[in-house]
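Residue numbers (our numbering), protein chains in the order written: chain A, 5 to 172; chain B, 91 to 507.
Report on the structure given below.
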């Protein structure tokens, strides 16, 4: 048997597509992220402050915790210089620190390399990495490749997947 | 391709070799069956019965369109054809007895006089239509029953299915057209299965005429009928699922390694997809997978004409990655969407709403990835409905079922072009 890397389902060897989630199971299969129409319906965002302005420092924060309500999962990570968020990409041997594959990431429109959390002495910022379905911070759509300040308790949507962020 | 005088059988496989494995594995076969290129045969005369539902629910535009379509078809029949028309509700009446058409104007008038009343009992109509058809069953004619209905039959499902088996044995194929959202697609699929006919979804009355015309054109170009594919495979190898891709998408029943295919048209090849399960195998063997096509060819006055295509696959310690034929890949992808959708309904019927919602959301994503926006929107709307109301709509069920089915035929035609 083989295991679907998208949903973990067990499938017959020789199966071409996962019977549970429809993902390609053969080498060279389609690995694009679907462009979801749904996020386009959200209200136009007001721009949040840019990183060029002073960030509110996250005092003593050493760890960030992501809470994913749809799957009930909590993930705690050490605050590194850069935390990548997306879905695992075995064909390119890429594994984001916050892997949303098993939170139905593909179904919610999470790209393989979707966004990053950057941490420096000036504070913590969220950057959309030109994802297919975009990133919303407290319901504001982020333009790609620009860092926006992140605060304790913020609400992020990667595509349509809701994630809450807490600093500890 | 294995060239034969009267039928060509071409097979593409998803693997060129099989890994010796201690677990079962899947193999996909895309089979194409067509007459020789030199064939320009004469039209096979028809023995056709139109079975029209005229129950109360058909009142209005629906019955009007059905009557118009029936009149048009009768008008297009050749002098050599035998035609009958039966109308049914909770009773059946012969509108036009089986016979050659002498006065088409009078026939049109009789069809037009049919009015809507009563309930829906398909068995009554089916039994009467079969009586009409039996009078002219012959190897020199293609015998077909075309059912048009918009509703559920009540309490006579099993009796109908017995009749459908009997029809198949007598060389009569059944094609069923469901109009609107109310009819039972599962039942109509089972009704057409014994004769490998087709069940078709007609969403609005306005589409009735074009669907029926396409069906009649196909019936008029039949080259071979009563076709069966015998999968006389090696021990431990068995066909698990069969689906006709073209000319009309339809799941096909497998009975003891035999797949009923129905008719082979002269103008368009019959293509089917086989999903084969291969049980664990030792390395160093050659697995024989003979596909034996058996069929009647009326123009040649042949019964049980047979042609065999032999596929042989070696079993190896470690198989290398294959270049999977594009046509096969697109067909399997669409088949997978179709089956995911069917599974959603199974999940809903067994009360697993969370599972159904997740599966439907995944299907939406896959359809979006493939650029199938209309179907994806339908799947998304049904997902929302499932979340909010806890059920799915009848229209959605049929749009997704027949929509994903038709993608198999569409993708196949695209690859062929």
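For glycine and all other residues, C-beta sits at the position ideal for the given N, C-alpha and C.
Between residue 252 (chain B) and residue 488 (chain B), the alpha-carbon positions lie close to 25 Å from each other. Inside the stretch 117-185 of chain B, DSSP marks whole alpha helix (DSSP H) runs of 4 or more residues at positions 151-166, from first to last along the chain. When 8 Å is used as the limit between beta carbons, residue 448 (chain B) is near these residues of chain A: 108 and 111, in chain order. Interface residue (Cβ-Cβ distance to chain A less than 9 Å): residue 114 (chain B) is classified as such.
Between residue 392 (chain B) and residue 476 (chain B), the alpha-carbon positions lie close to 53 Å from each other. For residue 120 (chain A), no chain B residue has a C-beta closer than 9 Å to its own C-beta; the minimum C-beta separation is roughly 23 Å.
In the three-state reduction of the DSSP assignment, residue 428 (chain B) falls in the helix class, which pools H, G and I.
Contact of residue 478 (chain B) with chain A is not assigned, every C-beta pair being separated by 9 Å or more. Looking at the DSSP output, residue 350 (chain B) sits in a beta bridge with B:318.
With fewer than 16 other Cβ atoms from the protein chains shown falling within 10 Å of its own Cβ, residue 159 (chain A) counts as exposed. Residues 271 of the same chain have their beta carbon placed closer than 6 Å to that of residue 484 (chain B), with the five preceding and five following residues left out of the count.
The beta-carbon of residue 92 (chain A) is placed no less than 9 Å from the nearest beta-carbon of chain B.
Here the C-alpha atom of residue 275 (chain B) lies approximately 15 Å from the C-alpha atom of residue 284 (chain B). Ranked by Cα distance from residue 163 (chain B), the options B:293, B:128, B:406 and B:304 are led by B:304. DSSP places residue 212 (chain B) in no beta strand (DSSP E) but in the uninterrupted alpha helix (DSSP H) bounded by 212-224. Nearest C-alpha to residue 135 (chain A) among A:19, A:66 and A:89: A:89.
For residue 301 (chain B), the enclosing alpha helix (DSSP H) starts and ends at 298-310. Cβ proximity to chain B below 9 Å picks out 16, 17, 18, 19, 20, 21, 22, 23, 24, 25, 26 and 27 from the stretch 16-27 of chain A. By alpha-carbon distance to residue 143 (chain B), the top candidate from B:318, B:497 and B:157 is B:157.
Ranked by how close their Cα comes to the Cα of residue 258 (chain B), the residues B:244, B:234, B:241 and B:268 have B:234 in first place. Annotation for residue 201 (chain B): no beta strand (DSSP E) segment contains it, though the alpha helix (DSSP H) segment containing it runs 194-202. Three or more pairs of CB atoms, one per stretch, sit closer than 8 Å, so the stretch 445-464 of chain B contacts the stretch 13-29 of chain A. By the criterion of a C-beta distance shorter than 7 Å, residue 246 (chain B) is surrounded in its chain by 211, 212 and 213, once the five residues flanking it on both sides are discounted. Less than 9 Å separates the beta-carbon of residue 129 (chain A) from that of residue 152 (chain A). By the C-beta density criterion, residue 115 (chain B) is buried, having at least 16 other C-beta atoms within 10 angstroms. Looking at the DSSP output, residue 290 (chain B) sits in a beta bridge with B:267. By the Cβ test, the stretch 110-127 of chain B is in contact with the stretch 366-379 of chain B, since at least three Cβ pairs between them sit closer than 8 Å. The residues 310, in chain order, have a CB closer than 6 Å to that of residue 133 (chain B) in the same chain once the five nearest residues on each side in sequence are set aside.
Comparing alpha carbon positions, the residue from B:149, B:161, B:223 and B:493 closest to residue 193 (chain B) is B:161.
Put simply, the backbone Cα of residue 101 (chain A) is about 41 Å away from that of residue 363 (chain B). At least one C-beta of chain B is nearer than 9 Å to the C-beta of residue 30 (chain A). DSSP lists no bridge partner for residue 442 (chain B). Cβ-Cβ separation between residue 159 (chain B) and residue 401 (chain B): approximately 43 Å, too far for a contact (criterion under 8 Å). Classified as exposed, residue 5 (chain A) has fewer than 16 neighbouring CB atoms from the shown chains inside 10 Å of its CB. Excluding five sequence positions before and after residue 8 (chain A), the CB atoms of its chain that fall closer than 7 Å to its own CB belong to 15, 22, 24, 25, 27 and 29, given in chain order. By the criterion of at least three beta-carbon pairs nearer than 8 Å, the stretch 344-358 of chain B is not in contact with the stretch 412-426 of chain B.
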